[in-house]
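A.B. asks: Residue numbers (the working numbering), protein chains in the order written: chain U, 26 to 397; chain A, 1411 to 1847.
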Amino acid sequence: MELTIERGSLLKSLGHVQSVVERRNTIPILSNVLIEAADGSVSFTATDLDLAIVDTVDADVKQSGATTVPAHTLHDIVRKLPDGAQVAISLDADGAKVKLSAGRSKFTLACLPRDDFPVMSEGDMPFRFDLGAADLKRLIDKTRFAISTEETRYYLNGIYLHAAETDGVQMLRAVATDGHRLARVELPLPEGAAGIPGVIVPRKTVSELRKLIDENDEVITIALSDTKIRFSFRNAIVTSKLIDGTFPDYDRVIPSGNDKSLEVDTKLFADAVDRVSTISTDKSRAVKMELDTDRLTLSATSPENGTATEEISASYGSGELTIGFNSRYMLDIADEIEGDVARFQFADAAAPTLVLDSADEGALYVLMPMRV
Amino acid sequence: MTPTSEKQTVILCRDCLHRQKPPGSNLTEERRCIRCGSPRLLRHPELDDLMIAHLDCDAFYASVEKRDEPTLRDKPLIIGGIGRRGVVSTACYIARINGVHSAMPMYQARKICPDAVVMAPNMDKYSLAARHIWDLMKKVTPLVEPLSLDEAFLDLNGTVRLHHRTPAETMADLIRQVETEVGVTASVGLSYNKFLAKVASDLDKPRGYSVIGRAEARTFLAAQPVSLLWGVGKAMQQRLKRDGYTEIGQLQSVAPDTLMRRYGAIGQRIAQFVQGEDSRQVHADVKAKSVSAETTFSDDIHDLRLLNSTLWRLCEKVSRRLKAKDQSGATVVLKLRTIDFRIRTRTRRLPSPTQLADVLYRHGSALLSDEADGTAFRLLGIGVSGIGAGIDADPPDLADPDAVTRARVEHAVDQLRDKFGVGSIGKGRHMPPKLGT
């Protein structure tokens, strides 16, 4: 194997795959990235056995071949090379070492044979549909903040992707919850996605996907079975196992009869919450909302720090109400609201509150109040 | 306990609280109260200067049962586990004459005291009586530190102005009230610190009242065995014995830093105690750090279904106690003892604090199923730590829509039980499965 590649495109490609590799591995081959060179392009593959990413990039391949080298070491080297450098990579004749050179820098890396590198079996993937990168980005961005990290409820450690019906229209829905907040985003069901099983895409897969989507206007092909999902980008393929569990019946926790409606300027609200929460204690981060006719008063009290209050104008006319929320959770939601106006729908100080985006009808958030 | 020349001995009648006057007359030799004729006289030169009391009920569970069933009064009564592996939790003083003591295996107790009436404990009843005593103590001083259901420390500093009585009088009055209002007897130890107050209350049980003053504390302790020291259990006794110490007097001449070097933190405490010193304060509101329940099986169990049915019963017990005190627990703790007496504890932090038996069971049984690998267990326990307020328990969970329904069912069951008794209704998982099916 012998090839030359421009430093920038090599770094980008390695950047896409190297974060799949765990920093500590008990199986040495899993620390390595698989390099496969053939026909004017080179592919880099990394896996943790639950998730595999293959990224392909153009290169000047003099001799095709394949090997594996430590992923983080290779990434660090390339990162430190000067911008615009041409990087030459070659495998020596006995297949034991990889030589890397750029300008006056020369490196020799220990390698492991490609045959040892685990290949993720994909099995049969009976469903296949296309999704625009912007749509996938929206599904991920507006739900991922609510993914739980609680290990005992592993089935909450991802985004639940499934088909559902809203007002008689078939939708593709993404849902995530940690029990305290829930985010639900939907878009019209793409062709080919009818009848897909509900699947839970793990948190790590979600974050790797998100990196690949950035500023991409391409179409992504999604294929899936009950146990695996594959996202095919123009130059990259992400294959992941799915979380084997049952996502809770979330529909029942989305309130439908909340009759106290509040509308606030999203930015004004988020900034005020952020300021007031400076005072609230690290542990609870509680911020109190006091509502009166067309007025919202945000406040926080901490026995150690003091107090904070801020009043903002709002559209509200459903009688006095005092309710508390975790400020972090409110800010997470406000961050994802695109519209100028955020709409809250309350029932009472103890019941789940609905938050809606004036600019995105397909997005919906549920927030549990806190005692204040 | 010998009168000193500088201080006049104070003599107090425990029954009518009469102080024997006039001072200076030769009443020290008087055997009975000059007012009511009671022989129960307290005499001590420091009687008016001692502020720390320890109140300890006499054979509490047995006393409550005897109070409610007068025909038992003159019979030996043993309260404890009635199963094959049951142990004695309380023996009345008649049973104690035969050598029965608490923590003794029940079969042995029955053997040495065949006439004894054996009863299973009725904790609800004892809690009620204890609550009553607690209320009486709280009227005396806010500084009451409970040690268990039936014993507590009281700090009586400052109560003289409040009650216009000396602490000794206040305590005499208190145990009189416990006898008349609650119907059980208690013993009191009065001294100048917690360690000695507790030692004193044990000196002339039952219905005792002992006083240890500063003047005689060291001399008194010198002749006592080291086991009297707080924190010195069997293992420590063995260690001390190996080093040649069996009586406290032998330790009194050892330098504190030698004891600390040799025995560590406990050595430091021992050094204080042997001199009759104890710097610990009486703390009111000592909050429980955990709430738990456990049981020892009459036969070792390895079957997960059987273990689970017991686990459920224990979860209900823990939950009942949390609900009664309006508390919640943040972490579930499972405890197992294998047949070779090894203890296994497994903990799991809950997504949110709980007081529900159902939640305890869900997490407890998950921990249990990881351990039930065919190993036979002789003990199973479940508890919670991270005790918090009841209002924080079981907030609605967006990821568990059924939780609200399960909580409602449990509260409905609780209400039925309040009305018709604990046995009136229960879950099917309470029923032990038939083996071999």
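All C-beta atoms, glycine included, are put in the ideal place defined by N, C-alpha and C. Computed from a prediction, not measured in an experiment: that's the story for all the values here.
#1: Return helix, strand or coil for Gly1686 of chain A, following the three-state DSSP convention.
#2: In three-state terms, what does DSSP make of Pro227 of chain U?
#3: Give me the Cα-Cα distance between Arg1506 of chain A and Ala1472 of chain A, rounded to the nearest whole angstrom.
#4: So Ile337 of chain U packs on Phe294 of chain U, CB below 8 Å; how close in whole Å?
#5: Within 10 angstroms of the Cβ of Cys1443 of chain A, are there 16 or more other Cβ atoms? Answer buried if so, exposed if not.
#6: Tell me which residues of the segment 222 to 236 of chain U have at least one Cβ-Cβ distance to chain A shorter than 9 Å, keeping chain order.
#7: Grouping DSSP H, G and I as helix and E and B as strand, with all else coil, what is Lys1485 of chain A?
#8: Would DSSP call Ala1530 of chain A helix, strand or coil?
#9: Suppose only complete runs of 4+ residues qualify. What are the alpha helix (DSSP H) ranges in the segment 222 to 300 of chain U, listed by chain order?
#10: Chain U beta carbons: is any one of them nearer than 8 Å to that of Ala1809 of chain A?
#11: According to DSSP, simplified to helix, strand and coil, what is Asn182 of chain U?
#12: Here's the rule I'm using: 16 or more other beta-carbon atoms within 10 Å means buried, otherwise exposed. How should Ile165 of chain U be labelled?
#13: Between Gly1677 of chain A and Leu1669 of chain A, which are expected to be in contact by the criterion C-beta below 8 Å, what is the C-beta distance as a whole number of angstroms?
#14: Does Gly1792 of chain A get closer than 8 Å to chain U when you measure Cβ to Cβ?
#15: Using 8 Å as the limit for Cβ to Cβ distance, is Glu361 of chain U near chain A?
#16: Nearest chain A C-beta to Val67 of chain U closer than 8 Å, yes or no?
#17: What does the alpha-carbon distance come out to for the pair Arg1541 of chain A and Gly282 of chain U?
#18: Give me the subset of the segment 1745 to 1759 of chain A whose CB atoms are less than 9 Å from a CB atom of chain U, sorted by chain position.
#19: Applying a beta-carbon distance threshold of less than 8 Å, which residues of chain A neighbour Val397 of chain U?
#20: If the cut is a Cβ gap below 8 Å, which residues of chain U does Ile1801 of chain A touch?
#21: Taking Cβ positions only, does Pro1761 of chain A come closer than 8 Å to chain U?
#22: Can you say whether Val194 of chain U is buried or exposed, counting buried as having 16 or more other CB atoms within 10 angstroms of its CB?
#23: Run through DSSP, which three-state label would Gly1568 of chain A get?
#24: Quick check on DSSP: helix, strand or coil for His1454 of chain A?
#25: Could you pull the DSSP bridge partners for Asp1466 of chain A from this structure?
#26: Give me whichever residues DSSP pairs with Ile1753 of chain A in a beta bridge.
#27: Kindly confirm or deny that the segment 1601 to 1620 of chain A and the segment 1477 to 1485 of chain A touch, where touching means at least three C-beta pairs closer than 8 Å.
#28: Under 7 Å between beta-carbons, which chain A residues line up against Met393 of chain U? List them in chain order, please.
#29: Check whether the Cβ atoms of Asp319 of chain U and Asp365 of chain U sit closer than 8 Å, and answer yes or no.
#30: Take the Cβ of Gly1793 of chain A as the centre, count every other Cβ of all protein chains shown within 10 Å, and call the residue buried at 16 or more, exposed below.
#31: Can you give the Cα-Cα distance for Tyr179 of chain U and Phe350 of chain U, rounded to whole angstroms?
#32: On a CA-only basis, which of U:Leu346, U:Leu137, U:Gln111 is nearest Arg129 of chain U? Give me that one, please.
#33: With a cut-off of 8 Å on the beta carbons, I'd call Ala201 of chain U and Ile184 of chain U a contact; round off their distance for me.
#34: Quick check on Asn50 of chain U: buried or exposed, where buried means 16 or more other Cβ atoms within 10 Å of its Cβ?
#35: Please report how far the alpha carbon of Ser1415 of chain A lies from the alpha carbon of Lys1549 of chain A, in whole angstroms.
#36: So, using beta-carbon positions, are Tyr1602 of chain A and Met1461 of chain A closer together than 8 Å?
C.D. replies: According to the structure data:
#1: coil
#2: strand
#3: 12 Å
#4: Going by Cβ atoms, the distance from Ile337 of chain U to Phe294 of chain U rounds to 7 Å, so yes, they are a contact pair.
#5: buried
#6: Within the segment 222 to 236 of chain U, no residue has a Cβ that lies closer than 9 Å to any Cβ of chain A.
#7: coil
#8: coil
#9: 228 to 238
#10: yes
#11: In this structure, Asn182 of chain U counts as coil in the three-state DSSP scheme.
#12: By the neighbour-count criterion, in which 16 or more other beta carbons inside 10 Å mark a residue as buried, Ile165 of chain U falls on the buried side.
#13: Confirmed, Cβ separation roughly 4 Å.
#14: The sequence given here has Ile at residue 1792 of chain A, not Gly. No, no contact with chain U.
#15: no
#16: no
#17: 46 Å
#18: Arg1758, Arg1759
#19: At a C-beta separation below 8 Å, Val397 of chain U has no neighbours in chain A, since its nearest C-beta there lies roughly 12 Å away.
#20: Arg396
#21: yes
#22: In this structure Val194 of chain U is exposed. Its beta-carbon is surrounded by fewer than 16 other beta-carbon atoms within 10 angstroms.
#23: coil
#24: strand
#25: According to DSSP, Asp1466 of chain A bridges with A:Glu1561, A:Ser1597.
#26: A:Arg1747
#27: no
#28: Result: Pro1805, Pro1806, Leu1808.
#29: no
#30: buried
#31: 25 Å
#32: Nearest option by C-alpha distance: U:Gln111.
#33: 5 Å
#34: exposed
#35: Reliability of the predicted coordinates at Ser1415 of chain A is poor, the pLDDT of 48 falling under 50, and no value is obtained from them.
#36: yes
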